[in-house]
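Step one of this worksheet: look at the structure below.
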Amino acid sequence: MELNVSSKSEKQSKLQSCMAVIEKVGNKLPSPALLFVYISIGVLILSAILGMFGVVAKTELGTFPINNLLGQKPIEVLKVTAGGTAVAETYSNGLSYIIGSVIKNFMGMTALGAILIIMLAIGVMEQSGYLSIGIQSIVKATPAKLVTPVVIFLGVMSNVASDAGYVVLIPLAALVYYTVGRNPMVGLAAGFAGVSGGFSANLLIGSFDALLIPFTQAAAETGDALVGTSFAPLLKSTSNMFFLMASTFIIVLVGTLIIDKIVEPSMGKYDKKEADVVEKTGELTQQEKKAFKAANMSLIGVVAFIALTVLPFDKNNVIPIVGDLSKTVPMTSITPEGTMAVDGVSKFLDSIFFSGDMIMMLMFIVFLVPGMVYGFKSGKFKTKDDVIGAMVVSMKSMASIIVILFFVAQFLNFFNDSHLGILIAHLGAMLVAKIPTDNTFMAMMLMIAFIWFTAIVNLFIAGGTSKYGLLAPIFIPILMSAGFSPAGVQLMYRIGDSSTNIISPLMSYMGVIVIFGQKYKKNFGIGNLMGMMLPISIGFLIAWTVFAVAWALAGAPIGPGEFFFIKQY
Numbered sequence: 003m004e005l006n007v008s009s010k011s012e013k014q015s016k017l018q019s020c021m022a023v024i025e026k027v028g029n030k031l032p033s034p035a036l037l038f039v040y041i042s043i044g045v046l047i048l049s050a051i052l053g054m055f056g057v058v059a060k061t062e063l064g065t066f067p068i069n070n071l072l073g074q075k076p077i078e079v080l081k082v083t084a085g086g087t088a089v090a091e092t093y094s095n096g097l098s099y100i101i102g103s104v105i106k107n108f109m110g111m112t113a114l115g116a117i118l119i120i121m122l123a124i125g126v127m128e129q130s131g132y133l134s135i136g137i138q139s140i141v142k143a144t145p146a147k148l149v150t151p152v153v154i155f156l157g158v159m160s161n162v163a164s165d166a167g168y169v170v171l172i173p174l175a176a177l178v179y180y181t182v183g184r185n186p187m188v189g190l191a192a193g194f195a196g197v198s199g200g201f202s203a204n205l206l207i208g209s210f211d212a213l214l215i216p217f218t219q220a221a222a223e224t225g226d227a228l229v230g231t232s233f234a235p236l237l238k239s240t241s242n243m244f245f246l247m248a249s250t251f252i253i254v255l256v257g258t259l260i261i262d263k264i265v266e267p268s269m270g271k272y273d274k275k276e277a278d279v280v281e282k283t284g285e286l287t288q289q290e291k292k293a294f295k296a297a298n299m300s301l302i303g304v305v306a307f308i309a310l311t312v313l314p315f316d317k318n319n320v321i322p323i324v325g326d327l328s329k330t331v332p333m334t335s336i337t338p339e340g341t342m343a344v345d346g347v348s349k350f351l352d353s354i355f356f357s358g359d360m361i362m363m364l365m366f367i368v369f370l371v372p373g374m375v376y377g378f379k380s381g382k383f384k385t386k387d388d389v390i391g392a393m394v395v396s397m398k399s400m401a402s403i404i405v406i407l408f409f410v411a412q413f414l415n416f417f418n419d420s421h422l423g424i425l426i427a428h429l430g431a432m433l434v435a436k437i438p439t440d441n442t443f444m445a446m447m448l449m450i451a452f453i454w455f456t457a458i459v460n461l462f463i464a465g466g467t468s469k470y471g472l473l474a475p476i477f478i479p480i481l482m483s484a485g486f487s488p489a490g491v492q493l494m495y496r497i498g499d500s501s502t503n504i505i506s507p508l509m510s511y512m513g514v515i516v517i518f519g520q521k522y523k524k525n526f527g528i529g530n531l532m533g534m535m536l537p538i539s540i541g542f543l544i545a546w547t548v549f550a551v552a553w554a555l556a557g558a559p560i561g562p563g564e565f566f567f568i569k570q571y
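Read left to right, the sequence shown gives residues 3 to 571 (this note's numbering).
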């Protein structure tokens, strides 16, 4: 027994040492906003140096000279259009370009509007109390044996509502496990696994889906110029939708197996004497129960109305989600002009319903209506001003993202308009060209390598948005030259990034979760949390990677009109 304890202690010590190194390296990095300020300055300086030496990048669409953005000579910025041709924008000198483009660059982050809109509605749902009570009601009504999959599933779904899962679901999951006689630390792990490890899986479209698109589009413009394609204008927040929906069930299944079969048995029986003051979930008042019921009915009504508006009428027609889209049968769909027949599911998937703006607007309504109904029925909202106040509170949480996106917008445009992006992509493509990516095995190896590379980078750089802003401009064009679609590369990034969230010491909520854990285990620390989450993280990374490879080999769409490989279009 002593040997086992000693061995376990040594393993934990090594894990803590490893994580301490990662944390030390990561803490030396500047804040995300400052990071992009420094990188933008670096891009300007590098463009000046290479521009003075007359460096050029030759692509399928022509020659792209490096623009000196700090010079006094006229510059010509080449933009790739939807038709796959390059058009030029001329500026008198680099300084006039910088001054004249700052506001335009920021306003060009079109996804910012969609993100803010969806957060307005989520703010109403969260501040009214409907979201918190909804999660509590589902968890409390779940049989003890099904608690783990339900907690993980709710954790995954809570990602739509920003950070609500961290502050509501995770502590609630620990409490539920405690009350049913299971180890509350296991509940903590299950909640954390769903909320953070399953961040890139969901049955719904969320703000993060829209947040990534500007980065992908900007990088895809470079890739389009390199390869001679026109993907950038076609990218939408729904580009990864099908795969993310399917991933929800993979995360729930894998997470449940690892937690119930590996994590919980390894932790042993929990001694309730270790628990500090444990909160008890209060019972709903009659008014809250009536309000919750009314809000649920309104939610069902809104979803039903949307479904009747966009789904086909003809029950004899089938909408295949996967398979050969060229062999689909005609179906009937509703459009603003009335009822019309369209030839095949591909046209339905390309309809306005699957556009990013439409999806986000529908999600806005789905979140707003039940939140308002519950707020007024429960008495949380007294006047219409309270609804506006809830929206204002939600906007406060977006302040840091808006600041970061301002500097990200400058970096992306400086990087692309200087033509440094196309140069680096061209050099990277030359290296990738030596890999026989037309060989299926090598293509899969490249896919796996990028997923796992992202997973490792995630341990050192916090923030999914800022990290993607660094990687996307470089790797999307390079991998496009290897035959991957920009939507496919974005999805590969999301898999790697999400898998190691739960073991990254730089993860912003790591300290908060440790505090939650200390209610049930006084000496609980980050090392304990890492050790508990490590097998889950490894399991997610392996299972998700295998699932992605299988999906790619099957040639199934990852979203409406989107595939992993360019040749599948």
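In this text, a Cβ means the ideal position worked out from N, Cα and C, and glycines have one as well.
Just so you know, these numbers come straight off a predicted model, no measurement behind them.
Could you spell out the range, first to last residue, of the alpha helix (DSSP H) harbouring Phe251?
-> Within the sequence shown, numbered from 1, the residue matching residue 251 stands at position 249. Taken as a continuous stretch (DSSP letters only), the alpha helix (DSSP H) holding Phe251 covers Met243 to Ile260.
Where Val405 falls, given that 16 or more other Cβ within 10 Å makes a residue buried = One-based indexing of the sequence shown puts residue 405 at position 403. It is exposed - the Cβ of Val405 has fewer than 16 other Cβ atoms within 10 Å.
Three-way DSSP call (helix, strand, coil) for Gly572 in this model | With the chain represented from 3 up to 571, any question about residue 572 goes unanswered, as that position is not in the structure.
Can you say whether Tyr40 is buried or exposed, counting buried as having 16 or more other CB atoms within 10 angstroms of its CB?
-> Within the sequence shown, residue 40 is the residue found at index 38, counting from 1. Counting Cβ neighbours within 10 Å, Tyr40 comes out exposed, since fewer than 16 surround it.
Return yes when the Cβ of Ile478 is within less than 8 angstroms of the Cβ of Phe245, no when it is not.
-> The residue labelled residue 245 in the question sits at position 243 within the sequence shown. The residue labelled residue 478 in the question sits at position 476 within the sequence shown. No, the pair does not count as a contact, with Cβ atoms beyond the cut-off.
Since Gly64 is in the beta strand (DSSP E), which residue starts that stretch and which ends it?
-> As a working note, residue 64 is residue 62 in the sequence shown. Going by DSSP, Gly64 is part of the beta strand (DSSP E) stretching over Gly64 to Pro67.
Taking the C-alpha atoms as reference points, what is the distance between Glu564 and Met482?
-> Mapped onto the sequence shown, residue 564 falls at position 562. Mapped onto the sequence shown, residue 482 falls at position 480. Glu564 and Met482: Cα-Cα distance of roughly 14 angstroms.
For Thr218 versus Leu237, is the C-beta spacing smaller than 8 angstroms?
-> Mapped onto the sequence shown, residue 218 falls at position 216. Mapped onto the sequence shown, residue 237 falls at position 235. It is a contact, given that the beta carbons lie within the stated cut-off.
List the DSSP bridge partners of Glu266.
-> Against the sequence shown, residue 266 aligns to sequence position 264. Answer is none; Glu266 lacks a bridge partner.
Check whether the Cβ atoms of Ala457 and Leu536 sit closer than 8 angstroms, and answer yes or no.
-> For this step, residue 457 is matched to residue 455 along the sequence shown. For this step, residue 536 is matched to residue 534 along the sequence shown. For Ala457 and Leu536, no; Cβs fall outside 8 angstroms.
6 angstroms CB neighbourhood of Ala234 in its chain, flanking five on each side removed | On the sequence shown, residue 234 is found 232 positions in, with the first residue counted as 1. Cβ neighbours of Ala234 beyond the five flanking positions: Gln219, Ala222, Glu223 and Asp226.
Would you mind sorting Asp211 into buried or exposed? The rule is 16 or more other CB atoms within 10 Å of its CB.
-> The residue you call residue 211 lines up with position 209 of the sequence shown. Classification for Asp211: buried.
Could you pull out every residue in the same chain whose Cβ sits closer than 7 angstroms to the Cβ of Lys382, ignoring the five residues on either side in sequence?
-> Your numbering for residue 382 matches position 380 in the sequence shown. Contacts found: Ser130 and Gly131.
Minimum C-alpha distance to Ile124 - residue among Gly391, Phe201, Val256 and Lys147 = The sequence position of residue 124 within the sequence shown is 122, counting from 1. Among Gly391, Phe201, Val256 and Lys147, the Cα nearest to that of Ile124 belongs to Gly391.
Burial state of Gly513 (16 or more Cβ within 10 Å) = If you number the sequence shown from 1, residue 513 lands on position 511. Per the 10 Å Cβ criterion, exposed.
8 angstroms Cβ cutoff met for Ile77 and Asn95 = Taking the sequence shown and counting its residues from 1, the one referred to as residue 77 is at position 75. Taking the sequence shown and counting its residues from 1, the one referred to as residue 95 is at position 93. Going by C-beta atoms, Ile77 is nearer than 8 angstroms to Asn95.
Cα-Cα, which of Lys142, Pro186 and Ile453 is closest to Asp273?
-> As a first step, residue 273 must be located in the sequence shown, where it is residue number 271. Selected option, being the one with the closest Cα: Pro186.
Might you give, ordered along the chain, the residues of its own chain that have their beta carbon closer than 8 angstroms to the beta carbon of Ile172, omitting 5 neighbours on each side?
-> On the sequence shown, position 170 is the one that residue 172 refers to. Taken in chain order, the residues that qualify are Gly157, Leu190, Gly193, Phe194, Val197, Ile515 and Phe518.
Please list, in chain order, all residues of the same chain as Gln570 whose beta carbon is under 6 angstroms from its beta carbon, the five residues on each side excluded.
-> Locating residue 570 in the sequence shown gives position 568, where the first residue counts as 1. Hits under 6 angstroms: Gly557.
Alpha-carbon spacing of Ile252 relative to Ala545, whole angstroms = Residue numbering aside, residue 252 sits at position 250 when the sequence shown is read from its first letter. Residue numbering aside, residue 545 sits at position 543 when the sequence shown is read from its first letter. Cα-Cα distance, rounded: 8 angstroms.
Starting from Phe462, follow the alpha helix (DSSP H) in both directions and report where the run begins and ends.
-> Walking along the sequence shown from the start, residue 462 turns up at place 460. Per DSSP, Phe462 belongs to no alpha helix (DSSP H) and is neither H nor E.
How many Å lie between Phe526 and Val182 at the Cα?
-> Translated into positions along the sequence shown, residue 526 becomes position 524. Translated into positions along the sequence shown, residue 182 becomes position 180. Straight-line Cα distance between these residues: approximately 21 angstroms.
Please classify Thr547: does DSSP put it in a helix, a strand, or coil?
-> Within the sequence shown, numbered from 1, the residue matching residue 547 stands at position 545. Correct three-state label for Thr547: helix.
Using a Cβ-Cβ cut-off of 7 angstroms (strictly less than) and excluding sequence neighbours within five positions of Leu174, which residues of its own chain qualify?
-> Here residue 174 corresponds to residue number 172 of the sequence shown, with the count starting at 1. Excluding positions up to five away in sequence, the list reads Ile137, Gln138 and Val141.
Between the CA atoms of Thr258 and Val153 - distance to the nearest angstrom | Counting from one through the sequence shown, the residue named residue 153 turns up at place 151. Counting from one through the sequence shown, the residue named residue 258 turns up at place 256. Looking at the two C-alpha atoms, the distance is approximately 9 angstroms.
Pairwise C-alpha distance: Leu80 and Ser232 | On the sequence shown, residue 232 is found 230 positions in, with the first residue counted as 1. On the sequence shown, residue 80 is found 78 positions in, with the first residue counted as 1. One C-alpha to the other measures close to 14 angstroms.
Grab the span of the alpha helix (DSSP H) containing Gly109 for me, first residue to last.
-> Residue mapping note: residue 109 aligns to position 107 of the sequence shown, counting from 1. The residue asked about is misnamed: residue 109 is Met in this sequence, not Gly. Looking at the DSSP string, the run of the alpha helix (DSSP H) that includes Met109 is Gly96 to Met109.
State the Cα-Cα distance for the pair Leu214 and Pro145, rounded to the nearest angstrom.
-> Start at 1 with the first residue of the sequence shown, and residue 214 comes out as number 212. Start at 1 with the first residue of the sequence shown, and residue 145 comes out as number 143. Rounded to whole angstroms, the separation of the alpha carbons of Pro145 and Leu214 is 37 angstroms.
From Leu286 to Asn298, what distance separates their C-alpha atoms?
-> Stepping through the sequence shown from its first residue, residue 286 is reached at position 284. Stepping through the sequence shown from its first residue, residue 298 is reached at position 296. Rounded to the nearest angstrom, the two C-alpha atoms are 15 angstroms apart.
Could you tell me which of Lys523, Phe567, Thr502 and Phe416 sits nearest to Ala489, measuring between CA atoms?
-> Locating residue 489 in the sequence shown gives position 487, where the first residue counts as 1. If we check each option's Cα against that of Ala489, Phe567 comes out closest.
Neighbour flag for Pro475 against chain C, beta carbons, 8 angstroms | Considering every chain present, this structure includes no chain C. It has just one protein chain.
Under 8 angstroms between the Cβ atoms of Phe46 and Ser468?
-> Mapped onto the sequence shown, residue 46 falls at position 44. Mapped onto the sequence shown, residue 468 falls at position 466. Note on residue identity: the sequence assigns Leu, not Phe, to residue 46. Not in contact: Leu46 and Ser468 (Cβ atoms no closer than 8 angstroms).
Between which two residues does the alpha helix (DSSP H) containing Asn418 stretch?
-> Taking the sequence shown and counting its residues from 1, the one referred to as residue 418 is at position 416. Counting along the chain, Asn418 sits inside the alpha helix (DSSP H) bounded by residues Ala401 to Asp419.
Backbone secondary structure at Tyr93 - three-state DSSP = The residue labelled residue 93 in the question sits at position 91 within the sequence shown. DSSP places Tyr93 in strand when its eight states are reduced to three.
Three-way DSSP call (helix, strand, coil) for Gly561 in this model = Sequence index remark: in the sequence shown, residue 561 carries index 559 (1-based). Looking at Gly561 - three-state DSSP - the assignment turns out to be strand.
Would you identify the three-state DSSP class for Ile528, choosing helix, strand or coil?
-> Along the sequence shown, read from residue 1 onward, the residue named residue 528 stands at position 526. The answer is helix: DSSP assigns Ile528 an H, G or I state.
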